[in-house]
Amino acid sequence: MHARHAAQAGPERPAEPATSPPIGLGRWLLQAVLFVAIPVVVLALAGILSLVLVRIVADYRIGLDIFTPTALRPRLPIYEEARRGVAADVLRQVLIAGFAVGLALWQ
(Lines of atoms letter the chains of each structure in order from A; the text may use other names.)
(Lines give C-alpha, C1' and ligand atoms only; values in the text may rest on other atoms or scores of the structure.)
Protein backbone atom coordinates (compact mmCIF):
# COMPACT_ATOMS: atom_id res chain seq x y z
CA MET A 19 0.00 0.00 0.00
CA HIS A 20 1.47 3.33 -1.02
CA ALA A 21 1.54 6.36 1.25
CA ARG A 22 -0.97 8.29 -0.86
CA HIS A 23 -3.42 5.39 -0.71
CA ALA A 24 -3.01 5.19 3.04
CA ALA A 25 -3.68 8.91 3.38
CA GLN A 26 -6.89 8.58 1.36
CA ALA A 27 -8.08 5.53 3.27
CA GLY A 28 -10.49 6.11 6.09
CA PRO A 29 -13.70 4.78 7.60
CA GLU A 30 -15.68 5.71 4.50
CA ARG A 31 -13.01 4.48 2.06
CA PRO A 32 -11.07 1.34 3.13
CA ALA A 33 -7.57 0.80 1.82
CA GLU A 34 -7.31 -1.38 -1.28
CA PRO A 35 -5.43 -4.63 -0.69
CA ALA A 36 -2.24 -5.00 -2.68
CA THR A 37 -2.74 -7.71 -5.27
CA SER A 38 -0.07 -9.39 -7.30
CA PRO A 39 -0.70 -9.99 -10.97
CA PRO A 40 -1.99 -13.50 -11.72
CA ILE A 41 0.56 -15.94 -13.05
CA GLY A 42 0.01 -17.63 -16.38
CA LEU A 43 -0.75 -21.29 -16.85
CA GLY A 44 2.72 -22.00 -18.25
CA ARG A 45 4.48 -20.46 -15.27
CA TRP A 46 2.18 -22.28 -12.86
CA LEU A 47 2.83 -25.58 -14.62
CA LEU A 48 6.60 -25.00 -14.48
CA GLN A 49 6.40 -24.28 -10.74
CA ALA A 50 4.32 -27.42 -10.19
CA VAL A 51 6.80 -29.59 -12.12
CA LEU A 52 9.76 -28.10 -10.24
CA PHE A 53 7.92 -28.61 -6.95
CA VAL A 54 7.95 -32.35 -7.66
CA ALA A 55 11.18 -32.67 -9.67
CA ILE A 56 13.57 -30.98 -7.23
CA PRO A 57 12.85 -33.32 -4.28
CA VAL A 58 12.98 -36.36 -6.57
CA VAL A 59 16.39 -35.29 -7.91
CA VAL A 60 17.66 -34.57 -4.39
CA LEU A 61 16.52 -37.99 -3.13
CA ALA A 62 17.96 -39.83 -6.12
CA LEU A 63 21.27 -37.98 -5.99
CA ALA A 64 21.63 -38.52 -2.24
CA GLY A 65 20.81 -42.23 -2.58
CA ILE A 66 23.26 -42.84 -5.41
CA LEU A 67 26.06 -40.84 -3.77
CA SER A 68 25.60 -42.60 -0.43
CA LEU A 69 25.70 -46.08 -1.98
CA VAL A 70 28.77 -45.31 -4.07
CA LEU A 71 30.65 -43.62 -1.23
CA VAL A 72 29.84 -46.37 1.28
CA ARG A 73 30.90 -49.10 -1.15
CA ILE A 74 34.20 -47.37 -1.99
CA VAL A 75 35.09 -46.46 1.60
CA ALA A 76 34.03 -49.81 3.07
CA ASP A 77 35.96 -51.77 0.44
CA TYR A 78 39.02 -49.60 1.02
CA ARG A 79 38.67 -50.04 4.80
CA ILE A 80 38.78 -53.85 4.61
CA GLY A 81 41.43 -53.91 1.88
CA LEU A 82 39.40 -54.85 -1.20
CA ASP A 83 40.16 -53.45 -4.62
CA ILE A 84 37.15 -51.38 -5.66
CA PHE A 85 37.56 -52.37 -9.32
CA THR A 86 37.40 -56.13 -8.67
CA PRO A 87 34.55 -57.73 -10.64
CA THR A 88 31.58 -58.84 -8.54
CA ALA A 89 32.18 -62.52 -9.36
CA LEU A 90 35.71 -62.36 -7.89
CA ARG A 91 34.79 -60.45 -4.73
CA PRO A 92 34.80 -62.42 -1.47
CA ARG A 93 31.49 -62.95 0.29
CA LEU A 94 31.11 -60.40 3.08
CA PRO A 95 30.02 -61.38 6.60
CA ILE A 96 26.50 -60.37 7.62
CA TYR A 97 27.74 -57.79 10.13
CA GLU A 98 29.67 -56.04 7.35
CA GLU A 99 26.52 -55.93 5.21
CA ALA A 100 24.60 -54.48 8.17
CA ARG A 101 27.29 -51.85 8.77
CA ARG A 102 27.18 -50.82 5.13
CA GLY A 103 23.39 -50.57 5.19
CA VAL A 104 23.36 -48.38 8.28
CA ALA A 105 26.20 -46.23 6.94
CA ALA A 106 24.38 -45.76 3.63
CA ASP A 107 21.16 -44.74 5.43
CA VAL A 108 22.95 -42.27 7.69
CA LEU A 109 24.96 -40.79 4.85
CA ARG A 110 21.84 -40.48 2.69
CA GLN A 111 20.05 -38.52 5.43
CA VAL A 112 23.06 -36.24 5.92
CA LEU A 113 23.29 -35.61 2.18
CA ILE A 114 19.56 -34.84 1.92
CA ALA A 115 19.84 -32.36 4.78
CA GLY A 116 22.92 -30.79 3.21
CA PHE A 117 21.22 -30.47 -0.18
CA ALA A 118 18.12 -28.95 1.44
CA VAL A 119 20.16 -26.38 3.37
CA GLY A 120 22.25 -25.64 0.29
CA LEU A 121 19.17 -25.10 -1.87
CA ALA A 122 17.57 -22.90 0.80
CA LEU A 123 20.69 -20.74 1.06
CA TRP A 124 20.97 -20.57 -2.73
CA GLN A 125 17.40 -19.30 -3.08
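Under our numbering, the first residue of the sequence shown is numbered 19, with each subsequent residue one higher. Glycine is no exception: its CB is placed at the ideal position from the N, C-alpha and C atoms. Nothing here was measured: the structure is a model prediction, and the numbers come from that model.
In the structure shown, A36 falls within a coil segment according to DSSP collapsed to helix, strand and coil.
Leaving aside the five residues that flank R110 on each side, the residues in its chain whose CB is nearer than 6 Å to its CB run, in chain order, A64, G65, S68.
Beyond the five residues adjoining it in sequence on each side, A62 comes within less than 7 Å, by CB distance, of no other residue in the same chain. According to the DSSP assignment, Q111 belongs to the alpha helix (DSSP H) that extends over 96–124. Membership of I41 in any alpha helix (DSSP H) is not indicated, and neither H nor E is assigned to it by DSSP.
By the neighbour-count criterion, in which 16 or more other beta carbons inside 10 Å mark a residue as buried, L113 falls on the buried side.
Between the beta-carbon of A106 and that of V72 there is about 5 Å, and that keeps the pair under the 8 Å contact cut.
In the structure shown, R73 adopts helical secondary structure according to DSSP, grouped into three states.
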